[in-house]
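Engineer: One structure, as structure tokens, below. Some questions next.
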Amino acid sequence: MTLLDDHRCVSSSDLEYFQLESPFSSFDFVEKRFGETNSIRRLFSLARSFSCQTLIVETIPVAGIITEENEDILARYPDHRNDGLLRLSFWNVELSAKAHPHLNQENLVGYAILKFDSVPSRSIAQWHVFEAVFVKYAHEHNCVPRAGQYRLVVGSTSLIITGILYCQQNGLNKACAQVALRSLISRCLLEGDISYRRINKLAEQVNPAFEPAQGLSVPQIRAILAGLGIEYSDIDYSQDQNDRRRELPYQKYAYAGLESGCGALVGFRLTGQELQYEAKHIIPFYGHTFNKDTWVPDAEISYFRIGETAGYVPSESWTSSFIGHDDNFGPNFCIPRLYIEHDKVDYVVELFRPGIRYSGVKAEAIALDILYSALSTLSKGNKWINRLIQWAMKQQIVFRAQAASVTEYTDHLQSLTDWEGEREDQALPLALAKVMPSYVWAVEISTPQLFPANERKLGEIVLDATRQPELQEISDFFNIFLFARLPGIYLLGGDVINETPSFTQIPSKINSHTELFKF
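Structure (structure tokens):
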């Protein structure tokens, strides 16, 4: 057991079982035990949406990073007391103490650790959700790439749950920024989690006198990510003299963070007639919903961007909502993609999964240049190549950048079957793997007719993701470009003659469209 698991893996012999069918009232239960706490109410709402039948409540001892938190709060507020610590778990089967149930993690829907802090000098006496994880909804268009795995104990039974960590601020040693960071980066670190002490220590390097309860500045967020070795791409719109909110919308960076597998943070200003002072909030995005019938991508090209050189349609266009947490309200909310207005957003940061050195936004821009450079070299013997050329000329190409390890990509390539049932020569992906870096951007190529309804693609442009691209000359693209896979053909980077790139062609047995990457 490691320090970062201790707080959720302590055993308990004090288990209370509650059957959640009528006449049990979660409203009454929350009000009697925890008062008016929106985030805790949200836990029970999620449990109801999963048709949970049993709640188990345990009193647990302080351990691990909760011990650290109490020490750090006590150092600031000597009258602090941690007067309550509970572990709640929600189950989709009927369990009772009398039956001495065997706890099966397949029936575990979610858990939460609730903490009661008292600081009389601050007039604070409140419960908050130290952390919680719920499994993903089963809906196929509810997309959560690379969810984390968290080990916990209920009673004396060890379990693993897969989901995205939710955390809530307490106004003492952590604010919205610290909890949002922990939510996302816990699944990117080898330790599998991070303590607030470590987050705040890294933030102190920027401002030793900062007050953790007041949150983090942009330089502090950058210092924390750099200190943890997490690569990122961010825009501080509040410091941008050119106001690039519309030119570089936050949605594009947020979506790229989701597809890279580590998520994004979006910070915005509060507004309203009764707002007395400037206030800001930041929330983590980790997934998205998919609307295959949206009208926007076709209309954007045909009605509202006539003659503009957009070049391609980003797959983000079919995103209906982002999925994220709001520590004030609880976990796993859908936030409509266009709901937070551009002029309210002050900051966005796209986090890269370990091994990735640059943004999916940049990967798509590089892929666009490579695709249009390659079009004139393509033979027109394949009907899907002919269609690709026609769609590209009409700017009806869809790009979807996926960050993948070399093993993930080659496994995907070996598994592909085209529409006619053909598969790739199994030796070819293994040969490619020998010359590929450890991580790549696979920028999938599709069309508005193929991508949303069929969830299929024509191929991908594969880029080295392990080094920053330096794109001063056309030849520099081939330092990043590895190959393109298109119907019936692979294109490998060759020479640049008179500023015109050439490609080496290798035949492929896959002659039509195939499935998208799915994690």
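The numbers in the sequence shown follow my numbering, run straight up by one, and end at 615. From the three backbone atoms N, C-alpha and C, an ideal C-beta is built for every residue, glycine too.
Which residue or residues does DSSP assign as beta-bridge partners of W487?
Structural biologist: DSSP output for W487 lists no bridge partner at all.
Engineer: Could you tell me which uninterrupted alpha helix (DSSP H) segments, each at least 4 residues in length, are contained entirely in the segment 465-525, listed from first to last along the chain?
Structural biologist: 479-489, 502-511
Engineer: Note the first and the last residue of the continuous alpha helix (DSSP H) segment covering Y349.
Structural biologist: 346-356
Engineer: With the cut-off set at 9 Å, would you say A499 and A561 are in Cβ contact?
Structural biologist: yes
Engineer: Just curious, the beta strand (DSSP E) that I378 is in, first and last residue?
Structural biologist: 376-386
Engineer: Which first and last residues belong to the beta strand (DSSP E) in which K211 is found?
Structural biologist: 204-215
Engineer: Thinking just about the alpha-carbon of each residue, which of T258, Y292, R247, A271 is nearest to the one in P241?
Structural biologist: Scanning T258, Y292, R247, A271 for the CA closest to the CA of P241 turns up T258.
Engineer: Over the uninterrupted alpha helix (DSSP H) stretch that includes Q274, give me the two end residues.
Structural biologist: 272-281
Engineer: Determine, using beta carbons only, whether F547 and S356 come nearer to each other than 9 Å.
Structural biologist: no
Engineer: Please report how far the alpha carbon of Y399 lies from the alpha carbon of P345, in whole angstroms.
Structural biologist: Any answer about Y399 is weak, because its pLDDT of 39 lies below 50 and its placement is not dependable; what the coordinates show is given next. Our two residues, Y399 and P345, have alpha carbons roughly 21 Å apart in a direct line.
Engineer: So, are the CB atoms of C263 and V249 less than 9 Å apart?
Structural biologist: Against a cut-off of 9 Å, the Cβ pair of V249 and C263 comes out as no contact.
Engineer: Using the rule of at least 16 other Cβ atoms within 10 Å of the residue's Cβ for burial, across every protein chain shown, is I402 buried or exposed?
Structural biologist: Residue placement at I402 is flagged as unreliable, the pLDDT there being 40, under the threshold of 50; the coordinate-derived value follows with that caveat. I402 should be labelled exposed.
Engineer: To the nearest angstrom, how far is the alpha carbon of I462 from that of I320?
Structural biologist: 29 Å
Engineer: Our contact map puts L612 next to E520 with C-beta atoms below 8 Å; I'd like the distance itself, whole angstroms only.
Structural biologist: Incorrect: roughly 16 Å between the Cβ atoms, too far for contact.
Engineer: One question on the structure: do S107 and G251 come within less than 9 Å of each other, judged by their Cβ atoms?
Structural biologist: Contact flag set, yes.
Engineer: Assign E374 to one of two classes, buried (16 or more other C-beta atoms within 10 Å of its C-beta) or exposed (fewer than that).
Structural biologist: So E374 ends up on the exposed side.
Engineer: On a Cα-Cα basis, can you pick out the residue from A273, S291, S282 that is closest to R318?
Structural biologist: A273
Engineer: State yes or no: is the C-beta of W537 within less than 9 Å of the C-beta of G407?
Structural biologist: Going by beta carbons, W537 and G407 fall outside the 9 Å limit.
Engineer: Measuring CB atoms only, is the segment 210-221 touching the segment 171-190, in the sense that at least three cross pairs come out at less than 8 Å?
Structural biologist: yes
Engineer: Under the rule that 16 or more other beta-carbon atoms within 10 Å means buried, what is Y237, buried or exposed?
Structural biologist: First, the residue type needs correcting, since residue 237 is His and not Tyr in the sequence shown. Exposed is the call here.
Engineer: Between the segment 368-386 and the segment 411-423, are three or more C-beta pairs nearer than 8 Å?
Structural biologist: yes
Engineer: Once you ignore the five residues that flank N478 on each side, which residues in its own chain have a CB closer than 7 Å to its CB?
Structural biologist: P583, G584, N607
Engineer: By a C-beta neighbour count over all protein chains shown, 10 Å radius and 16 as the cutoff for buried, is H224 buried or exposed?
Structural biologist: buried
Engineer: Taking the alpha helix (DSSP H) that T543 falls in, what are its first and last residues?
Structural biologist: That residue, T543, is in no alpha helix (DSSP H); it is neither H nor E in DSSP.
Engineer: Measure the C-alpha to C-alpha separation of N594 and L559 and round it to an integer number of angstroms.
Structural biologist: If you take the alpha carbons of N594 and L559, they lie about 23 Å apart.
Engineer: Given a cut-off of 9 Å on the beta-carbon distance, is the pair S334 and D442 in contact?
Structural biologist: yes
Engineer: Quick one: what's D560 bridged to in DSSP?
Structural biologist: V536
Engineer: Label L100 either buried or exposed according to how many other C-beta atoms from any shown protein chain fall within 10 Å of its C-beta, with 16 as the threshold for buried.
Structural biologist: buried
Engineer: Can you check whether the CB of Q222 is closer than 9 Å to the CB of G368?
Structural biologist: Taking a C-beta distance under 9 Å as the contact criterion, G368 and Q222 do not qualify as a contact pair.
Engineer: Measuring CA to CA, which of P304, E516, C148, K553 is closest to S118?
Structural biologist: C148
Engineer: Which whole runs of the alpha helix (DSSP H) in the segment 102-183 are 4 residues long or more, in chain order?
Structural biologist: Runs of the alpha helix (DSSP H) inside the segment 102-183: 122-130, 134-145, 160-172.
Engineer: Taking I161 as the reference, give the member of G180, R293, Y454, R183 with the closest Cα.
Structural biologist: The candidate whose alpha carbon is nearest that of I161 is R293.
Engineer: Excluding five sequence neighbours on each side, which residues of the same chain lie with their C-beta closer than 6 Å to the C-beta of R183?
Structural biologist: E154, I156, I209
Engineer: Can you give me the Cβ contacts of S501 inside the same chain, cut-off strictly under 6 Å, excluding the 5 residues immediately before and after it?
Structural biologist: Y535
Engineer: Can you tell me which of the three DSSP states V302 falls into?
Structural biologist: Coil.
Engineer: Between the C-alpha atoms of F573 and D514, what's the straight-line distance to the nearest angstrom?
Structural biologist: Each residue's alpha carbon lies about 29 Å from the other.
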